[in-house]
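Participant:
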């Protein structure tokens with residue numbers, strides 16, 4: 443439920459919702475950076491998984507989040523897997 447709400451915020455065109463999305467992404471990154479500072483083994487990595495029907499906003503979410511992260515100096519990789527495929531699923 444929380445991820446669905448986050449995706450909805452990131453996709454919103456309303457300025458107030460966009461500000462909330464920016465705040466949410468900033469807080470997530472701040473939390474991750476705080477964990478990195480406590481971790482002596484180097485930078486932390488995290489993975490997210492997205493699924494949904496065509497047109498649900500998965501690509502839009504990845505694009506917005508990826509741009510936000512790269513603009514903040516982070517590296518981003520995207521791995522696409524088709525769960526219905528006998529090769530990749």
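Residue numbers (our numbering): 443 to 531.
We treat Cβ as the ideally placed atom computed from N, Cα and C, and that holds for glycine.
#1: Look at residue 500 and residue 491 and say whether their C-beta atoms are less than 8 angstroms apart.
#2: Taking the continuous alpha helix (DSSP H) assigned at residue 510, which residues delimit it?
#3: Between the alpha carbons of residue 503 and residue 464, how many angstroms are there, rounded?
#4: With C-beta atoms as the reference, is residue 459 less than 8 angstroms away from residue 471?
#5: How big is the Cα-Cα spacing for residue 510 and residue 468?
Facilitator: The relevant details are as follows:
#1: Cβ atoms of residue 500 and residue 491: not closer than 8 angstroms.
#2: It spans 500-513 - the alpha helix (DSSP H) in which residue 510 sits, taken as one unbroken run.
#3: Between residue 503 and residue 464, the alpha-carbon positions lie close to 13 angstroms from each other.
#4: No, the Cβ-Cβ distance between residue 459 and residue 471 is not below 8 angstroms.
#5: The alpha-carbon of residue 510 is positioned some 9 angstroms away from that of residue 468.
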